[in-house]
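Residue numbers (this note's numbering), protein chains in the order written: chain A, 1 to 497; chain B, 1001 to 1497; chain C, 2001 to 2497; chain D, 3001 to 3497. Using N, Cα and C, we set each Cβ at its ideal position, and we do this for glycine too. See below for the structure under consideration.
4 protein chains.
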Amino acid sequence: MAKVFDAAEVAKHNTPESCWVILYGKVYDVTDFLSSHPGGSKIILKLSGKDATEEYDPIHPPGTLEELKPEACLGIVDPATLPKDEAPAKPQEPAAGPPPMQNLLNLDEIEEVATKQVSQKAWAYYYSASDDKFSKRFNNEVYRSILLRPRVFVDCTKCDLDTSVLGHKLGMPIYVSPAAMARLGHPSGEAGIAEACRSFGAMQVISNNASMTPEQIVKDAAPDQVFGWQLYVQVDRKKSEAMLARINKLKAIKFIVLTLDAPVPGKREEDERNSLVGATAPVSSGVKAADRSADGTPDVSGPGGSGGVGQQLFAGTDPSLTWQETLPWLAKHTDLPIILKGLQTHEDAYLASLHAPQVKGIILSNHGGRALDTAPPAVHTLLEIRKYCPEVFDKLEVHVDGGIRRGTDVVKALCLGAKAVGLGRPALWGLAAGGPDGVRRTLQILADETKTCMRLLGVETVDALGPQHINTRMVEQQIYDGPSALDSLRRAFRAKL
Amino acid sequence: MAKVFDAAEVAKHNTPESCWVILYGKVYDVTDFLSSHPGGSKIILKLSGKDATEEYDPIHPPGTLEELKPEACLGIVDPATLPKDEAPAKPQEPAAGPPPMQNLLNLDEIEEVATKQVSQKAWAYYYSASDDKFSKRFNNEVYRSILLRPRVFVDCTKCDLDTSVLGHKLGMPIYVSPAAMARLGHPSGEAGIAEACRSFGAMQVISNNASMTPEQIVKDAAPDQVFGWQLYVQVDRKKSEAMLARINKLKAIKFIVLTLDAPVPGKREEDERNSLVGATAPVSSGVKAADRSADGTPDVSGPGGSGGVGQQLFAGTDPSLTWQETLPWLAKHTDLPIILKGLQTHEDAYLASLHAPQVKGIILSNHGGRALDTAPPAVHTLLEIRKYCPEVFDKLEVHVDGGIRRGTDVVKALCLGAKAVGLGRPALWGLAAGGPDGVRRTLQILADETKTCMRLLGVETVDALGPQHINTRMVEQQIYDGPSALDSLRRAFRAKL
Amino acid sequence: MAKVFDAAEVAKHNTPESCWVILYGKVYDVTDFLSSHPGGSKIILKLSGKDATEEYDPIHPPGTLEELKPEACLGIVDPATLPKDEAPAKPQEPAAGPPPMQNLLNLDEIEEVATKQVSQKAWAYYYSASDDKFSKRFNNEVYRSILLRPRVFVDCTKCDLDTSVLGHKLGMPIYVSPAAMARLGHPSGEAGIAEACRSFGAMQVISNNASMTPEQIVKDAAPDQVFGWQLYVQVDRKKSEAMLARINKLKAIKFIVLTLDAPVPGKREEDERNSLVGATAPVSSGVKAADRSADGTPDVSGPGGSGGVGQQLFAGTDPSLTWQETLPWLAKHTDLPIILKGLQTHEDAYLASLHAPQVKGIILSNHGGRALDTAPPAVHTLLEIRKYCPEVFDKLEVHVDGGIRRGTDVVKALCLGAKAVGLGRPALWGLAAGGPDGVRRTLQILADETKTCMRLLGVETVDALGPQHINTRMVEQQIYDGPSALDSLRRAFRAKL
Amino acid sequence: MAKVFDAAEVAKHNTPESCWVILYGKVYDVTDFLSSHPGGSKIILKLSGKDATEEYDPIHPPGTLEELKPEACLGIVDPATLPKDEAPAKPQEPAAGPPPMQNLLNLDEIEEVATKQVSQKAWAYYYSASDDKFSKRFNNEVYRSILLRPRVFVDCTKCDLDTSVLGHKLGMPIYVSPAAMARLGHPSGEAGIAEACRSFGAMQVISNNASMTPEQIVKDAAPDQVFGWQLYVQVDRKKSEAMLARINKLKAIKFIVLTLDAPVPGKREEDERNSLVGATAPVSSGVKAADRSADGTPDVSGPGGSGGVGQQLFAGTDPSLTWQETLPWLAKHTDLPIILKGLQTHEDAYLASLHAPQVKGIILSNHGGRALDTAPPAVHTLLEIRKYCPEVFDKLEVHVDGGIRRGTDVVKALCLGAKAVGLGRPALWGLAAGGPDGVRRTLQILADETKTCMRLLGVETVDALGPQHINTRMVEQQIYDGPSALDSLRRAFRAKL
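Structure below.
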């Protein structure tokens, strides 16, 4: 019979020496686990001695608790002894709830509704981008500076969004990029996104940091539904290898997306700022934190809070990946095709093309402006590749994400050579606004806008879109014009073979 | 003797199975007509069982009811049984009405006055443009980035706006573009615009979707007054052929304007949003609407409302027009000269020139930014033609519309080779602000500004304006610079001869 | 003995048939004068039967009344019978008055103070520019896009603003451009500006529409003070010839500035709008005014008000000036050197240089943005001349005005080849803010800023400034790049000799 | 025994003929000193007869009073007779104080907190820049228009900010530029900044106008801490020579920074405006001040106030420095390496390189936008040097300052060839926000951001950063493109040897 604890007893164990937490009504001793918590010990200590379920639940996939040793579960807490949560007591505003999804006309309206629906924490995590959010804004604005070239007297009765990725048929060239922590926005989480994608034959790339397990997410997939799985390689390679073994077994998952643009986390200030609110841990002395560390340079240290959701999620990520080491390691642990995500220069796109056929595709992305501020938008990289090494498009599938808000944006990316276009935040905002229906509405709007745009250009199929349909003159004046190292890259690569 | 119905009786017939409406005091059974209503059945069902006159009147030309079978008219309604309209009961603000038109100094002020005068529905239809209204704004702003080059010591005592279009003399190079639904703004409708044009010898192109019949509009025309008639080819070609037969009989109409830039409607969100207000029909489930349709892609579907005036007007428009099929068909049904409207690339302008002499002119237009957002303004297309195939100006008359707000805008378009310049929204705003006097004021202001500009440039006649009078350096840096397919277009065209 | 009238008696004469006005206590019958009033009869009729002194005084130079026939003065009005002016009765805010001029740090602050000091009418006339005021703003902003190139390790102990214009020594390269109606802003009027210029050895160009006579303005001039006189040639050439005869006698006036950029008035909407306020004349029917006039084009007609101060001042100006006719006519009536004002293209600058030595200089100006909106700023014309025909700088003195607000602006214009730089509105704002002291403060600020700028560039004298001190790269990308007609201009000119 | 004065007695001596002030409880007769006060006599007279300690203290280094003759100290004031300061009497807001420094996430937040902490006078002095602050803003914005080029698949486990300046090892390539008057912001003053720099191995350049003596500032320096000392050469060279002699003795000071970009003060309006507040001295007549001075040009004269802190600090600065005279003079008085500060053209950078090895480095700077408005940012000058004379980077160390607000800004400057990057205002804002901890937080944030940026670029050490990591295409379109005088500069230099 499980031992029953008073909440007051649990509350005494709130130190690094003895740290208990209550989760789903059970009492856990996590003292030994503190040092290996991927998000750091500080965040646990803040909740030590208390019921941490509400904070724990939306950001940990089910099964996470099983990673603890069985003896860590000490028993159950007597619910009657828990402090009353006074917040629900106060009569809330008559829960207006979101408007009918069908009445939302564009992605900005959906974001607006979602902003009102979600917690401050979720908003901060979803909305944030690095530093001054220049790249986040520029990702979108750069599409505005490309003009379309509609042709007339073309029969546009038919218009078809069908396409394929790595040979798999898709209902539209728009997919959901790996975006973490969907349950922060809506309880249906990443499975809710999968449900919406199923309605459209749309592809979904599952985040390494999803708030549900891959198995849960793909459980109700349609037979022909296409998923990718995003990998952040962990310093502890065994963990990544275990995950790959699980992924290899899921037939719905057709490829691995190896994310490369965030070997260390960007500085997302909304997210970090939010972590300061209600921070109860004593703020460590600025003087001490700034003292020179042993190697002569200061340690990287975040603000007084926990560093935000983004910082926590990065814990354990391996910053040492290289072309030479990582791709062979990956080949040993999966036969799935590899797509590299986060390329931002023509040099790296070219290098990736040298690694075909193991590498089958690349996603041009600056991580939604969340990694390095003033990094170039995917449109720039597309134009750079067209300028310096257009042969990349023949050897690899090229995808893009970041900044897509309109069907015209989708079309412009496709005209420049992208095979498909990913949505990050819009999928999360859709989910937060209305659950699976909200994601459906998001995809529906973009699909409708994309088809309208194609029809007005006089184009019937996705494959027929090309650079002749757009005027990129203004953007071309911003594209990198310096020396290119392609020749030396090629020589260096061959020398290694 | 006509049968008399109680309103309560009529109210019972509000289903797709039995759908009655009251129009101008008469009761109609439109059940059979529901499926063939160009604007869709939903909009009728919303009004079923009620007096629909107020909604019906401003957007249907007289004579529309005659298209119903005679037996559809069941009788008359007893006016005493109609529900009282409570809105007029409330004492209104002392109806200030618009200020004297002469006191309005520019087109922005006229729009401001009109905005206060018209219904929300009319405002939304007139004001709206596609997506983010980028093209609508850019249409105007691009004129601001062209500088004028005034010459001095030129006798500018005389200045003359006289010009001609297709050989017909005109009092000014400014005309009214086809703009639908004028009676939404003012009861005098398109005939009111015609009255104003008569005062200036200005040309008017009658919209295919005018709220009055062409016969009504040209009824009081001056002997030398010039009209064109805009054609949206209908899927049911018989309807278009019947209309052309009517037009061929109207001597005031000198040419056909075939609109090509909107084979499918653009996404005009103000207009669609307005249709949501007061939408009483139950909003259909977003989930259901988004389910994959048979061909594997989702159906295009609007928001919960009726889709806006713009969407309704497009019902029945044929999206399958081509150079090969449509022009010969048109030649069979009219001998009137053809002007093609909505060209936005030099390629299409060049193709049009190959179809002279059947095609006598082209109108460079992005539909006032109402079709495809981020489509280029007419100024871009003018510069593109000058760059790639200036011979087009010798073979065709080139007109432009979109974004004209000042006389300097008119002059700049003429300097770049436009023969005449069309006004869309400004004519509607003028009408809405003050009826025919408001349109006169609009034309007067533009004519005055145009003459002042020509005098200060040192130019006496419209024909003398040329590129030497403007500095387009800033805009030229935005013009399409990609490969041109003119050679292959020429070869393909000749192969077909 | 003068006849004494009751105001009530005068009030009856308020028609075109019998039109009396009271001016400075005297009663005038101006019925016969109505048709020849330069500002049109409407403005007089509005004041007919009333005391018009307040409106008349600030815009008519003393001596204007003498142009009436002596018998037009009927007598005096009995002051006791005049209606009481109620406005002064209400206790005003304690008249704060302007702050000490020395506390104003820049020209924007002076304009701000002036705006509070002057009447709405004066503000509207001074502030207004044509159409959307694009050129007015651009005149200033273009200076912001030129960067300075300060040199170091240069002895800048000495710095000297001395320069000369047409061989006359000046204390600074900053002068007051012809700006009309100074007494609207301050009772000291143009003589107050002259007093301020005397303090600095600064030059002043007297407006043709000055609110004081040239004789009054130069009365207290220092022996070495330099004036120019601006000429608007009148349709009635005798009037201009009479004025030239008067000017020829004034030794302080060293040259004639012939204004060419405003043969017809620009559209200054603030000024016109102001004329609508309190317009009591019935607004003429828009319909009637818009009816086609005899020559097939509508008449230019202003709004319901009087058309604004600007429109009135232009009455009588000759729009027929030409190189061939006007310069020889001018040579017959004055031996003074000629400076042509308002050139905006390199072609006209070049043509002017062919007319040396009669023409000794040119002023590049777009009339402060008051003539043609989107006309180029003087900086553009300077760069155009440098690009196409730099030899102009050797043959003529080149001045500029428009948009100067900082000493750095002055320096940039001088670096590009301007010999001197004119101020229009800033002189009027200075006068309005603080009378002669306000103008002095304006000149002082600019002189100080100019010297600071020169010192920091490492330049000791005005003559040493050159293009090497500025970076115009950004502006050069805006300069006219089209074909130049210089060769044909040269040939045409020689053919006429 | 010191004589004791009543405050009332002191108050009588408030004229130029007898001017006493109270400082730190002692009474001084400064009548004889009035004319030689570097800040002018006016500022002293305003405080004459009163206790001036509060105004005197933060802007004078200790020891300044010793420059007075001993007999100037007349005695002490009876504290009981001093007027009560009523300000402290009013109950203040509960002194919230600044938030914990660790909670401030970026430099803008630190400036915001500092703005609330400091006096209006300090804010105005720190914040102000010349004229319209165009250069101040542009200094920062120009970094936003440079894009980064992150490379992927690079091991970024290690990242090291270590670098060196003139052979001295530093913990980071970010240093504190000479910034005057630190005690205005925080009592720890420049020594507080030194304390913070010590924590990071960061370099500090001590301002010539520091509010503490160099000896005090370096007193607690770490053995390997690096300082430079900024020199404004005084008209009275003996003073500068005496200071150099003192500096030569301080081992912590490794080089002299000779400031060249401000031979005369810029026009800093916030600072000047602040000096008007509470100005009690009668405002001198604008008329009189503006009268022409003897040499024919007006005297430079400030506003009615004291001219601001900036103006006062410049008193005595020698504006006559030249390459020929000043460098040899300097060589006679110090053996320390020379860094020239304030170069803004490639010509001057090139000239500096000809003066190696006496000149060892240059700092590209426009004085934080405080000298000449519209002067180019350091980024422009870096690109100019790269374009015209890249060999400069081989001969001299090149530093920059101005506009740095983010680690990405630091990285971009380093990529363009800067060896180190200086902070001016941010160090002062940091000090004002939180004393030494605030400066530490400022340096910590920038160091963290810089390392994050380097890691995401795939760069391990400062030396490895290069132009291949950035896209400067947009900025390059702004760089000076005119003729360069390098050849003639070289010949002229050689001729002198």
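C/Thr2408, DSSP secondary structure in three states: As a position in the third sequence, residue 2408 of chain C is number 408, starting the count at 1. Reduced to three states, the DSSP call for C/Thr2408 is helix.
Pick from A/Thr345, A/Phe33 and A/Gly424 that is closest to A/Cys389, judged by C-alpha positions: For the purposes of this step, residue 389 of chain A is taken as residue 389 along the first sequence, with counting starting at 1. When A/Thr345, A/Phe33 and A/Gly424 are compared, the shortest CA-CA separation from A/Cys389 is found for A/Thr345.
Through-space distance from B/Tyr1175 to B/Asp1499, alpha-carbon basis: Outside the shown range of chain B (1001 to 1497) lies residue 1499 of chain B, about which nothing can therefore be said.
Chain A within 8 angstroms of B/Gln1234, Cβ atoms only: Indexing the second sequence from 1 puts residue 1234 of chain B at position 234. Proximity of B/Gln1234 to chain A, defined by a Cβ-Cβ separation below 8 angstroms, is not satisfied.
Rounded separation between B/Leu1147 and B/Leu1423 - CA only: The residue given as residue 1147 of chain B occupies position 147 in the second sequence. The residue given as residue 1423 of chain B occupies position 423 in the second sequence. When the Cα atoms are used, B/Leu1147 and B/Leu1423 turn out to be separated by approximately 22 angstroms.
Per-residue burial, B/Gly1025 [other beta carbons within 10 Å of its own, 16 or more giving buried]: For the purposes of this step, residue 1025 of chain B is taken as residue 25 along the second sequence, with counting starting at 1. Around the beta carbon of B/Gly1025, a 10 Å sphere encloses fewer than 16 other beta carbons of the protein chains shown; the residue is thus reported as exposed.
DSSP three-state assignment for D/Tyr3028, whether helix, strand or coil: Taking the fourth sequence and counting its residues from 1, the one referred to as residue 3028 of chain D is at position 28. Reduced to three states, the DSSP call for D/Tyr3028 is strand.
Neighbour flag for C/Ala2371 against chain B, beta carbons, 8 angstroms: Stepping through the third sequence from its first residue, residue 2371 of chain C is reached at position 371. Residue-level contact by beta carbon holds for C/Ala2371 and chain B, with a gap shorter than 8 angstroms.
Exposed unless 16 or more other CB atoms sit within 10 angstroms - verdict on C/Val1975: Residue 1975 of chain C is absent from the model: chain C starts at 2001 and stops at 2497.
Amino acids of chain A, ordered along the chain, whose beta-carbon sits closer than 7 angstroms to that of B/Glu1272: The count along the second sequence starts at 1 and reaches residue 1272 of chain B at position 272. The answer, in chain order, is Leu105.
B/Gln1312: contacting residues in chain A (beta-carbon distance under 7 angstroms): Here residue 1312 of chain B refers to the residue found at position 312 when the second sequence is read from its first residue. Within 7 angstroms Cβ-Cβ: nothing; B/Gln1312 doesn't reach chain A, min ~16 angstroms.
For D/Ser3164, the first and last residue of its enclosing beta strand (DSSP E): Locating residue 3164 of chain D in the fourth sequence gives position 164, where the first residue counts as 1. Bounds of the beta strand (DSSP E) holding D/Ser3164 are Thr3163 to Val3165.
Short CB-CB distance (under 8 angstroms) between C/Cys2415 and chain D: As a position in the third sequence, residue 2415 of chain C is number 415, starting the count at 1. C/Cys2415 does not count as touching chain D.
Residues near B/Asp1051 in its chain [Cβ-Cβ closer than 7 angstroms; skip 5 each side]: Your numbering for residue 1051 of chain B matches position 51 in the second sequence. The beta carbon of B/Asp1051 sits closer than 7 angstroms to those of Ile1022 and Leu1082, all from its chain and outside the five residues before and after it, given in chain order.
Within 8 angstroms, strictly: CB atoms of B/Leu1184 and B/Ser1211: In the second sequence, counting from the first residue as 1, residue 1184 of chain B sits at position 184. In the second sequence, counting from the first residue as 1, residue 1211 of chain B sits at position 211. Contact: yes.
Beta-carbon gap between D/Arg3370 and D/Gly3466 smaller than 8 angstroms: Here residue 3370 of chain D corresponds to residue number 370 of the fourth sequence, with the count starting at 1. Here residue 3466 of chain D corresponds to residue number 466 of the fourth sequence, with the count starting at 1. No; because the gap between Cβ atoms is not below 8 angstroms, this pair is not in contact.
From A/Trp329, A/Phe393, A/Leu383 and A/Thr317, residue whose alpha carbon lies closest to that of A/Leu354: Indexing the first sequence from 1 puts residue 354 of chain A at position 354. Closest by C-alpha distance to A/Leu354, out of A/Trp329, A/Phe393, A/Leu383 and A/Thr317, is A/Phe393.
Beta-carbon spacing of B/Arg1405, B/Asn1140 below 8 angstroms: Here residue 1405 of chain B corresponds to residue number 405 of the second sequence, with the count starting at 1. Here residue 1140 of chain B corresponds to residue number 140 of the second sequence, with the count starting at 1. Closer than 8 angstroms, so yes.
Euclidean distance between Cα positions of D/Phe3138 and D/Gly3402: The residue labelled residue 3138 of chain D in the question sits at position 138 within the fourth sequence. The residue labelled residue 3402 of chain D in the question sits at position 402 within the fourth sequence. The straight-line gap from Cα to Cα measures roughly 9 angstroms.
For B/Asp1481, the nearest candidate out of A/Gly482, A/Leu260 and A/Thr472 (CA to CA): For the purposes of this step, residue 1481 of chain B is taken as the residue at position 481 of the second sequence. Taking only the C-alpha atoms, the option nearest B/Asp1481 is A/Thr472.
C/Val2004 at chain B interface by Cβ criterion, 8 angstroms: Indexing the third sequence from 1 puts residue 2004 of chain C at position 4. Chain B, which has no Cβ nearer than 8 angstroms to the Cβ of C/Val2004, makes this no.
Exposure label - A/Gln324; buried when at least 16 CB within 10 Å: Within the first sequence, the letter at position 324 stands for residue 324 of chain A. Looking at its Cβ environment, which holds fewer than 16 other Cβ atoms inside 10 Å, A/Gln324 is exposed.
Endpoints, alpha helix (DSSP H) assigned at C/Asp2401: The count along the third sequence starts at 1 and reaches residue 2401 of chain C at position 401. No alpha helix (DSSP H) holds C/Asp2401; the beta strand (DSSP E) holding it covers Glu2397 to Asp2401.
Terminal residues of the beta strand (DSSP E) in which D/Thr3259 lies: Here the question's residue 3259 of chain D lines up with position 259 in the fourth sequence. From DSSP, the beta strand (DSSP E) with D/Thr3259 extends over Ile3253 to Thr3259.
Proximity test, B/Leu1023 beta-carbon vs the ligand MG heavy atom, cut-off 7 angstroms: Because no ligand of any kind appears in the structure shown, any question about the ligand MG cannot be addressed here.
Any 3 or more C-beta pairs closer than 8 angstroms across the stretch 3002-3014 of chain D and the stretch 2443-2459 of chain C: Put simply, the stretch 3002-3014 of chain D does not touch the stretch 2443-2459 of chain C. Fewer than three CB pairs are less than 8 angstroms apart.
Contact set for B/Gly1063: own chain, Cβ-Cβ below 7 angstroms, skip 5 residues either direction: Counted from its first residue, the second sequence places residue 1063 of chain B at position 63. Scanning its chain for C-beta atoms nearer than 7 angstroms, with the 5 sequence neighbours on each side dropped, one finds around B/Gly1063 the residues Thr1213, in chain order.
Alpha helix (DSSP H) segment containing A/Tyr480, residue limits: Locating residue 480 of chain A in the first sequence gives position 480, counting from the first residue. For A/Tyr480, no alpha helix (DSSP H) segment is defined, and its DSSP state is neither H nor E.
Residue from A/Ile206, A/Phe255, A/Ala420 and A/Ala122 with nearest C-alpha to A/Ala191: Here the question's residue 191 of chain A lines up with position 191 in the first sequence. Considering only A/Ile206, A/Phe255, A/Ala420 and A/Ala122, the residue with the shortest C-alpha distance to A/Ala191 is A/Ile206.
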